Each structure stands twice: as C-alpha cells, then as structure tokens.
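There are 2 protein chains.
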Amino acid sequence: MTDTSPKVFIVDDDQDIRSSLSRALRKRGFNVEAFGSAMAFLTIYTPDQPGCLVLDYGMPGMNGLELQAELKRRNYAIPIIFITGHGGVAESVQAIKSGAIDFLEKPFRQDALDERIRSALQTDKKRRERLQMVTQALDDFASLTEREKEIASLMVANPSDASSKMIARRLEISHRTVDHHRARILEKMHIRSVAELVDLSSKAKLFDESATL
Amino acid sequence: MTDTSPKVFIVDDDQDIRSSLSRALRKRGFNVEAFGSAMAFLTIYTPDQPGCLVLDYGMPGMNGLELQAELKRRNYAIPIIFITGHGGVAESVQAIKSGAIDFLEKPFRQDALDERIRSALQTDKKRRERLQMVTQALDDFASLTEREKEIASLMVANPSDASSKMIARRLEISHRTVDHHRARILEKMHIRSVAELVDLSSKAKLFDESATL
DNA sequence: GACTACCTAGGTAGTTTTGCCTATGGGTCC
DNA sequence: GGACCCATAGGCAAAACTACCTAGGTAGTC
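From first to last, the protein sequence lines are chains A and B. Taking numbering that gives the first Met the number 0, I'd label the letters of the first sequence as residues 0 to 212. Taking numbering that gives the first Met the number 0, I'd label the letters of the second sequence as residues 0 to 212.
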C-alpha cells in the first residue's frame with residue numbers, strides 16, 4: 000500500500016515553534032512536514048501516508064482535540080503526540096483517552112519528544128501491518144456471495160458442528176451443495192481450511208459490527 | 000469464580016473525603032469500602048473481588064500512581080478512577096497511559112464520578128468474563144503433556160497443514176500416534192475441532208509470551 | 001437469444017478424520 | 001512388583017472432506 004518513508008507531521012499555529020521543531024527533528028533524521036493549522040493539515044493528509052502527528056493543543060480555529068476528533072471521525076488512525084503550553088488535566092485526560100500516544104507540556108526536553116516520536120512511528124508501523132492483513136481479509140470476504148457469507152458465518156459460529164451435513168441440515172439443502180460453497184469460500188478467502196477461516200474471522204472481526212481501522 | 004456484587008473501593012488519606020464520598024456513593028446504591036492508605040487497601044484486596052477503585056493521587060506513603068504500579072505488578076487489573084486535588088498534566092497522562100479509566104480533578108461533580116464508576120464496573124465485568132474464558136483455556140492447556148503441547152502448537156501454527164500425516168512426517172512418527180494425541184488434546188481442551196483450538200489459541204494467546212490478566 | 005453468475009445437486013474416487021479396540025516399552029510412584 | 005501415565009502404533013469401520021466431473025433452474029446483462 001505504501002513504501003514511502005514515515006513522516007512526522009507537525010501542526011502548530013506558532014511559526015517559531017514550527018520552524019524550530021522542524022529543524023530539530025530534521026537534524027535527528029526525521030522526515031518532517033509542518034502545517035500552521037488543522038485545516039491545512041487536513042487538506043493535505045491522506046491516511047495511506049505512514050507517520051505520526053505532533054499536534055499543538057491550543058490553536059485558533061480548529062484546536063488539537065477537535066482535529067483529533069475529526070481524524071477519528073474519518074477513521075484516520077495516525078498516532079498523535081500532543082504538545083501544549085497551557086493544557087489542563089481534563090484536556091490531557093481526554094486526549095489520551097481518545098487514543099493519543101502522549102501529551103507533553105511545553106517546555107519539554109527534545110529527547111523526550113524524540114522518544115515519543117519513535118514510539119509513535121513504531122505504533123503506526125505495527126498498526127499498518129495489522130491493517131493490511133485485515134483489509135485483505137475484508138476484501139476477500141466482500142467478494143463472497145450472500146449465500147457463501149451465510150455459510151461462512153455458520154461455520155465460524157460453531158466450528159465443531161461445521162460439517163457439511165450439519166450445515167446442510169440447518170439450511171435444508173444438500174450437503175453436496177454445502178461442500179461446493181465451502182470450496183468456493185476457501186478459494187475466495189485464499190485459505191485452505193475452516194480453521195484458518197475461524198482464525199481470520201476473529202482477527203478481522205468479519206462477523207462483528209465494529210472494525211477499527 | 001465470583002458471585003459477590005461489585006464493590007467500589009475508595010482509597011484516600013483524607014478522612015472527610017472518605018466518609019462524604021462513601022456516603023454519597025452508598026446513597027446512590029453502590030457497595031462501598033473505603034481505606035485510608037494504599038497499604039491498607041493492598042492487605043485487604045484480592046483480585047477475585049469484582050469492582051473498581053476510586054483512588055486519590057496524592058497521599059503520604061505510597062501514592063496513587065505507586066499503588067497503580069503495584070497492582071499492575073501483581074497483575075491485579077481492577078479499573079482505577081483517579082481523583083486528585085493538585086495533579087499535573089504529566090501525572091494524569093502517566094496514569095491514563097498506565098491504564099486508568101479516568102482522572103478527575105477535585106472538585107468534581109458527583110454525577111461525573113457516578114458515570115465513571117458505572118463505566119468502570121462495566122469494564123471490570125467484561126474483563127472478568129473474558130478472563131474466565133482465557134483462564135479456562137490456559138488451565139486446560141497446562142494439563143497437556145509436553146508432546147501434546149508440541150503437537151497442538153504445530154496444528155495452530157499452520158492449520159491448513161495440520162493433518163495427521165503432515166504432522167507425523169514432521170515429527171517422524173506414525174500418523175496414528177498423531178491421531179491419538181490430537182484426540183487427547185481436543186478432549187483435554189474440551190473442544191471438538193482443530194478450528195476451535197486455533198480460535199482458543201488466538202483468544203487466550205496460548206503460544207504467545209504475554210498474557211494480560 | 002446468448003452469456004454470465006449463482007444456487008442447487010449428484011457421481012466417483014481418493015484422502016482424512018474419528019471412535020472404537022488392542023498392545024508394547026519406558027518411566028515414576030508406592 | 002504392581003499400578004499408572006505417557007508415547008508409540010496398528011486394525012477396522014463409519015463418517016467426512018477433497019477434487020475432479022456434469023447439469024438443471026433462475027435471474028440479470030448485453
């Protein structure tokens with residue numbers, strides 16, 4: 000999906016902080032891109048870019064928390080490190096509970112930020128790897144016909160009674176037809192056993208409502 | 000494991016707060032037990048008691064964060080709601096990152112605490128349900144012999160090549176012996192198919208290092 | 001009308017699993 | 001020595017799965 004190197008996005012309304020942060024991070028080998036407002040970031044960023052976000056909490060217009068909420072609403076899961084000059088406890092708690100990696104108060108040591116960024120990029124990398132697997136499974140699953148999905152769901156729901164005969168009895172069709180569907184399901188999902196289907200379904204939550212990207 | 004009703008544990012060094020909090024919470028129907036220090040709580044609490052912990056951050060002796068760390072060290076996963084009079088951002092961030100449900104600054108509205116407590120008790124309930132399943136699987140797994148564990152691991156590692164013949168070839172034994180072991184494994188794990196074994200193993204992380212209780 | 005996709009279902013043959021049985025040899029425990 | 005657990009392994013038969021094949025009916029599309 001992406002082979003570009005990870006990037007540290009900075010969003011801060013203060014020009015001085017933007018440039019000094021950018022300079023410091025570039026010097027340490029990070030790939031950096033800075034924005035003066037949440038909107039500027041939103042117009043450029045696409046979720047297929049690996050990286051993390053260093054986000055100022057207090058900004059005119061859309062503030063950091065609002066940007067975080069907007070990213071969440073769009074299902075963009077980029078890891079966020081908040082920085083703030085005057086944030087309170089309630090704000091920081093809200094930010095972390097909403098999934099931020101960290102919340103640093105200015106002034107902070109550059110080392111502390113570096114370490115958080117490294118951790119955030121690592122988190123992003125792992126998430127992307129997991130995401131790729133899940134996306135693949137979801138795509139494969141979407142390619143099943145309704146009947147196939149139904150049968151797959153029955154097999155997953157009760158793996159021990161997933162024999163063709165059992166399912167055939169429940170659906171009141173021939174077990175040979177179930178055989179046929181099972182073969183199609185495994186083929187389309189690129190797997191070779193019901194066990195793998197069960198595994199995939201629990202990892203990709205094929206039959207759950209929620210699917211966190 | 001437990002059928003006692005969930006309890007709200009309060010740990011605060013301030014006698015006035017303890018009694019007013021206890022009174023308020025009892026009036027709202029919660030089962031409450033209060034302690035004046037982290038140590039007092041630790042000597043009484045056992046992890047089989049369902050509930051949550053309302054924890055003062057700043058206390059003489061062992062403070063809230065230290066108690067949280069100690070509970071973590073002991074693998075006691077009771078949900079924690081911090082309350083604090085003078086906590087900073089760094090402390091709150093640390094607490095939430097370490098798994099606390101919430102971090103409230105005094106003074107707070109009683110309603111806010113109630114809502115957090117309800118949420119915490121819900122979290123605890125779900126965790127206990129999951130834990131029970133995982134514990135059962137872990138116990139069952141522990142009852143397997145070494146050879147059985149080895150074969151179970153091979154079956155889980157590659158569900159599609161988990162046929163007796165495949166595994167027999169890899170272990171250079173008869174496929175009938177593998178049949179025999181497979182039957183023992185399924186029996187001891189209280190399941191009826193390799194698919195369920197794969198499922199259990201991924202849910203209980205039988206073959207991973209970490210197992211969060 | 002031809003084409004395609006899907007659900008249905010059967011034939012045949014080979015492979016695998018499952019459940020029942022027995023059995024040998026190596027340990028350990030009392 | 002006897003009881004017990006474990007790993008090994010085979011016989012046998014029923015059930016299930018797998019991989020190949022054909023084929024009818026329905027519905028939608030070009």
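We put the CB at the ideal spot given by N, CA and C, even for glycine. Since the model is a prediction, treat every value here as computed from it, not as a measurement.
Give the secondary structure of residue i by DSSP, where H, G and I count as helix, E and B as strand, and everything else as coil.
{"i": "B:Leu-143", "result": "coil"}
{"i": "A:Thr-3", "result": "coil"}
{"i": "A:Ile-172", "result": "coil"}
{"i": "A:Leu-52", "result": "strand"}
{"i": "B:Ile-9", "result": "strand"}
{"i": "B:Ala-33", "result": "strand"}
{"i": "B:Gly-60", "result": "coil"}
{"i": "B:Lys-204", "result": "coil"}
{"i": "A:Asp-47", "result": "coil"}
{"i": "A:Ile-150", "result": "helix"}
{"i": "A:Ala-76", "result": "coil"}
{"i": "B:His-189", "result": "coil"}
{"i": "B:Ala-89", "result": "helix"}
{"i": "A:Ala-167", "result": "helix"}
{"i": "B:Ser-18", "result": "helix"}
{"i": "A:Ser-159", "result": "helix"}
{"i": "A:Arg-183", "result": "helix"}
{"i": "A:Ser-118", "result": "helix"}
{"i": "A:Arg-129", "result": "helix"}
{"i": "A:Ala-136", "result": "helix"}
{"i": "B:Arg-25", "result": "helix"}
{"i": "B:Ala-194", "result": "helix"}
{"i": "B:Ala-99", "result": "coil"}
{"i": "A:Leu-199", "result": "helix"}
{"i": "B:Leu-212", "result": "Unreliable placement is indicated for B:Leu-212, whose pLDDT of 34 sits below 50; the coordinate value is still reported in the next sentence. Residue state, collapsed to three classes: coil."}
Confirm, please, whether the CB-CB distance from residue j to residue i is below 8 Å.
{"i": "B:Ser-173", "j": "B:Ala-167", "result": "yes"}
{"i": "A:Leu-52", "j": "A:Ile-16", "result": "no"}
{"i": "B:Leu-54", "j": "B:Val-10", "result": "yes"}
{"i": "B:Met-38", "j": "B:Met-61", "result": "yes"}
{"i": "B:Val-193", "j": "B:Ala-156", "result": "no"}
{"i": "A:Leu-103", "j": "A:Ile-79", "result": "no"}
{"i": "B:Ile-95", "j": "A:Lys-96", "result": "yes"}
{"i": "B:Val-31", "j": "B:Lys-6", "result": "yes"}
{"i": "A:Leu-199", "j": "A:Ala-136", "result": "yes"}
Have a look at the DSSP bridge pairing and note the partners of residue i.
{"i": "A:Glu-104", "result": "A:Thr-83"}
According to the neighbour-count rule (16 or more other Cβ atoms, all chains shown, within 10 Å of its Cβ), is residue i buried or exposed?
{"i": "A:Gln-93", "result": "buried"}
{"i": "A:His-180", "result": "buried"}
{"i": "B:Thr-45", "result": "exposed"}
{"i": "B:Asp-101", "result": "buried"}
{"i": "B:Ile-43", "result": "exposed"}
{"i": "A:Phe-206", "result": "exposed"}
{"i": "B:Gly-50", "result": "buried"}
{"i": "A:Met-132", "result": "exposed"}
{"i": "B:Thr-211", "result": "Confidence is the limiting factor: at B:Thr-211 the pLDDT is only 36, short of 50, which leaves the residue's position unreliable and the question unanswerable from this model."}
{"i": "A:Thr-3", "result": "exposed"}
{"i": "A:Gly-84", "result": "exposed"}
{"i": "B:Gln-121", "result": "exposed"}
{"i": "A:Glu-128", "result": "exposed"}
{"i": "B:Glu-171", "result": "exposed"}
{"i": "A:Gly-28", "result": "exposed"}
{"i": "A:Asp-110", "result": "exposed"}
{"i": "B:Ser-209", "result": "At B:Ser-209, the pLDDT of 41 sits below 50, so the modelled position is not reliable; the number obtained from the coordinates is stated separately. Exposed is the call here."}
{"i": "B:Gly-86", "result": "buried"}
{"i": "A:Gln-14", "result": "exposed"}
{"i": "B:Asp-47", "result": "exposed"}
*Examine the Cβ distances between the segment 8-27 of chain B and the segment 179-198 of chain A and report whether three or more of them are shorter than 8 Å.*
Look at the beta carbons and you see the segment 8-27 of chain B not touching the segment 179-198 of chain A: under three pairs across the two are nearer than 8 Å.
*For the segment 108-119 of chain A against the segment 144-151 of chain A, are there 3 or more C-beta pairs whose distance is under 8 Å?*
The segment 108-119 of chain A vs the segment 144-151 of chain A: no contact.
*So, do the segment 197-206 of chain A and the segment 131-140 of chain A have three or more beta carbon pairs nearer to each other than 8 Å?*
yes
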